[in-house]
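Encoded as structure tokens, the structure appears first; notes follow it.
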């Protein structure tokens, strides 16, 4: 019990109260009451702790060295907590220990040499920590070990060849470290091996052929290393139980062996990101009746003619197939109609970055369950109207950088789960269908249509910044993005839209200054930037007839009243505009800036009723300002009219002084 209490004292935080029952009881009748503490299991005599399981309680602190005193401890599970510090060497005294699971903490230091004294260990799991250093060669002394999990640490050095002498091993997971060197041939001795996961290291050399002779192995995962060389031609002949073969992101070369079609239990085949893999995709893969995922992307696999495309016909036999990724290969020509014969369970189909051309077969519409379709960066032509409407479960559609033509089908608006839609760099024409507004889950939309002339995205809830690439759409005449949640600055690139006649960005959260580049828009007749957080109009240093008349009106009101739209008095629906409207034209005297009113009096000629002259001047200017800030943009005077009106007011006032 003392060792348990020492362990508790080393815990600095127990948010779930897992050890709240751990307290001293002085009654003699309860000498072994600690056996009832949460997480504690005693042996048959109820005097010695046999197991301690406090997994998943978010405990913080260190592992107490006192645990080494529990000589009968057979199982220690402290996984999925927040424990830190080094492993105490005293753990090596636990000669009865069968299970040690410390995975998913923040432990530091190296793997203890002392742990090799725990020769009864069957499971050693110190994964998902911050361990460093080498894996000791003496790990081979753990002759009863079945499960070795050291993944997701910072371990270095080589994989000890002696691991191959632990013939009882069933699982070896060392992925996500910094291990170097070659994969030891000795691992081929592990005849009971079911899972070998070594991905995400710095392993080099060839994959030992003997690994593909392990008749019980179910998963071999070696991705994201530096392995090279060809795959053995008989690869699929001696691994009858393999379910997952993941060798992607290496430097493998040569052809994909036809013999892979003999691995009848294979569910997931990933050989992608091996840019030296060449040749055609073997049609023998069509014999894999249990195949669910096929990843052959980022390689140099070819399909130049009907012979090269035979694999696609063959894959129609794989009725469980739900993912095919072949992007960035050397697939050429017209996509065969047999694409529509793929499994009805197909969920993810990616053929991007190839050299595909011609029409997309309408049969692709048979793949009703697709949630992701990637055909981007090819040379497809024709309309998409004939097949897109039937793909009602799509969430991501990538058709950008092709030569598609025709209208954007209104039926896309019926694909209610769509969250990503990329149609840019094609030859679409006509109107953008209003049905896109029904895509309530849409988070990414890229139209970037070079021939786009009218863009209305108003009255939605779009967020983020206005893309600067919009300035490349040289045919744009109208942009309406009013009443959204757009933020950031107004892109200077909008000044490149030389034939733009209307720009409405009002009612957003735009900030910064109004780009001087907008003054180049000589055909602009309507500009509305109101109800944003832009810097003062006059601060931009330019004025043109295409200017934002609302902002100009607000600046006039600031000059005349001496108040700013951000003053604390303007709240609860009261703005500087509504403040002036309430007092105009009857009682404006108390809203005009006092300093301004006195200056105007000094300028007024003595022979005139100076109060009347000043009053009329300010009244007229307020009238112009209010006309510029009408709620309805169509009711506002334009900048040319405002400038003309102010000029008339100026002339009238000066002529009165001279008469």
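Residue numbers (our numbering): 1 to 659. C-beta: ideal position from N, C-alpha, C; glycine also.
Closest in C-alpha terms to residue 403, from the list 338, 360, 74, comes 360. Sorting 565, 215, 507, 177 by C-alpha distance to the C-alpha of residue 192 places 215 at the top.
In the same chain as residue 85, and ignoring 5 residues on each side of it, the C-beta atoms closer than 6 Å to its own belong to 62, in chain order. Relative to residue 632, the option among 221, 517, 504 whose CA is nearest is 504. Under the DSSP definition of a beta bridge, residue 195 partners with 171, 219.
Beta-bridge pairing by DSSP links residue 86 to 108. Per the DSSP secondary-structure output, residue 396 pairs in a beta bridge with 372, 420. Within the same chain, and ignoring the five residues on either side of residue 478 in sequence, the residues whose Cβ sits closer than 6 Å to its Cβ are 454, 502. For the pair residue 197 and residue 211, the Cα-to-Cα distance works out to about 12 Å. Taking 8 Å as the cut-off, the Cβ atoms of residue 201 and residue 177 count as close. If you ignore the 5 residues before and after residue 311, its C-beta comes within less than 8 Å of the C-beta of 280, 281, 282, 283, 285, 286, 303, all in its own chain and listed in chain order.
In the DSSP assignment, residue 183 is bridged to no other residue. In the displayed model, residue 508 falls within coil according to three-state DSSP, outside both helix and strand. Straight-line spacing of the CA atoms in residue 129 and residue 67 works out to 20 Å. Residue 441 sits in coil when the DSSP states are folded into three classes, being neither helix nor strand. DSSP, read as helix, strand or coil, puts residue 137 in helix.
In the three-state reduction of the DSSP assignment, residue 96 falls in the coil class, being assigned neither a helical nor a strand state. For residue 118, the CB contacts under 6 Å within the same chain, skipping 5 residues up- and downstream, are 94, 97 in chain order.
Residue range 293–295 is occupied by the beta strand (DSSP E) that includes residue 293.
Cβ neighbours of residue 619 within its own chain (closer than 7 Å, five residues either side excluded): 585, 588. With a contact defined as Cβ atoms closer than 8 Å, residue 150 and residue 135 qualify at about 7 Å. Taking the Cα of residue 594 as reference, the smallest distance to any Cα among 615, 355, 111 is reached at 615. Per DSSP, the continuous beta strand (DSSP E) segment holding residue 149 begins and ends at 147–149.
With respect to residue 80, residue 51 sits apart: the two C-beta atoms are not nearer than 8 Å.
Exposure of residue 647 is indicated by the presence of fewer than 16 other C-beta atoms within 10 angstroms of its C-beta. Looking at the backbone, the Cα of residue 10 and that of residue 133 are separated by about 25 Å. The beta carbon of residue 476 is closer than 8 Å to those of 452, 453, 454, 455, 470, 497, 499, 500 in its chain, skipping five residues each way along the sequence. By the CB criterion at 8 Å, residue 159 and residue 179 fall inside the cutoff. The three-state reading of DSSP puts residue 476 in coil, since its state is none of H, G, I, E or B.
For the set 572, 39, 88, the Cα lying nearest the Cα of residue 110 is the one of 88. Judged by their CB atoms, residue 102 and residue 139 are not nearer to each other than the 8 Å cut-off.
A straight-line Cα-Cα distance of about 49 Å links residue 228 and residue 410.
Exclusion of the five residues before and after residue 358 leaves 334 as the residues of its chain whose Cβ lies within less than 6 Å of its Cβ. Taking residue 592 as reference, the option from 557, 624, 569, 568 with the minimal CA-CA separation is 557. For residue 348, the uninterrupted beta strand (DSSP E) run begins and ends at 348–350, by DSSP. Counted as a single uninterrupted DSSP element, the stretch harbouring residue 62 is not any alpha helix (DSSP H) but the beta strand (DSSP E) occupying residues 60–62.
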